[in-house]
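Note that the sequence shown covers residues 7 to 148 in our numbering. Glycine included, each C-beta is placed from N, C-alpha and C at the ideal position. Since the model is a prediction, treat every value here as computed from it, not as a measurement. Each remark here refers to the structure printed beneath this line.
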Amino acid sequence: KRLSDESKKHVLKNLEMYPYFQQYASKLYNEQFDIFFSAPCLLLIYGDSNPQWNVYDCTLVAGNIMQDAMKYNLHTRWIGFAEHICETDEIKSKYKIPRHYKLVCALSVGYPKEQLLPLSRKPAKVIFRINDLRLNSSSHIV
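Here's what the structure looks like:
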């Protein structure tokens with residue numbers, strides 16, 4: 007709750023810097039709104055910004071956590087609101103996060119208040135089939 011309140015305060019104070027959050031201003035001003043949905047667990051996944059693949063690696067970690075959580079009937083949400091507050095020197099210092107580490111993902115984790123129904127999916131649009139290739143003597147696949 008404390009990090010949610012700090013995040014909302016930070017985003018509202020700097021709203022002109024984050025125009026993509028302006029659509030959520032009414033929620034952010036609502037004291038009852040918790041950006042982490044009152045989840046009992048928040049995972050902050052930071053990556054060392056020196057290796058070039060850190061964002062990909064951390065995103066894969068987050069995806070695996072999200073997938074595995076379902077085995078235990080836990081639900082997860084990737085929370086974008088946390089990004090800016092978790093990158094401040096104050097937060098990094100408080101939680102002993104090295105300055106050169108960057109937040110890749112904030113995941114709230116918890117049991118849902120009510121069981122959600124599976125989402126329906128649209129069929130994928132097929133734009134290419136390997137069987138559609140007609141190889142002749144002048145064509146080849148590289």
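Requested in this report: Return the residue from the list V17, L9 and Y107 that minimises the CA-CA distance to L48.
Outcome: When only C-alpha atoms are compared, the closest one is L9.
Query raised in the report: Got a sec? Which residues, its chain only, sit under 7 Å from I103 by beta carbon, not counting five neighbours each side?
Result: Y52
Query - For K77, the three-state DSSP class (helix, strand or coil) - result: Correct three-state label for K77: helix.
Report task. For the segment 33-79, list the beta strand (DSSP E) runs that are entirely contained and at least 3 residues long, ordered along the chain. Result -> 47-54
Requested in this report: Give every residue of the same chain whose Cβ lies closer than 8 Å to the Cβ of N56, excluding the five residues on either side of it in the sequence, and list them in chain order.
Outcome: H106
Query raised in the report: Going by other Cβ atoms of all chains shown within 10 Å of its Cβ, with 16 needed for buried, is S99 buried or exposed?
Result: exposed
Query raised in the report: What separation, rounded to the nearest whole angstrom, lies between the Cα atoms of S32 and F39?
Result: 10 Å
Report task. Drop a sphere of 10 angstroms on the beta-carbon of I133, count the other beta-carbons inside from all chains shown, and report buried for 16 or more, exposed for fewer. Result -> exposed
Query raised in the report: Pick from S114, L34 and E89: whose alpha carbon is nearest that of F42?
Result: S114
Query raised in the report: On the three-state DSSP scale, how would you describe A130?
Result: coil
Query raised in the report: In angstroms, rounded to a whole number, what distance separates the CA positions of L50 and I85?
Result: 10 Å
Query raised in the report: Going by DSSP, which residues form a beta bridge with A112?
Result: L50
Query raised in the report: According to DSSP, is R8 helix, strand or coil?
Result: helix
Query raised in the report: So, helix, strand or coil for S143, using DSSP?
Result: For S143, the predicted model reports a pLDDT of 46, less than 50, meaning its position is unreliable and no value from the coordinates is stated.
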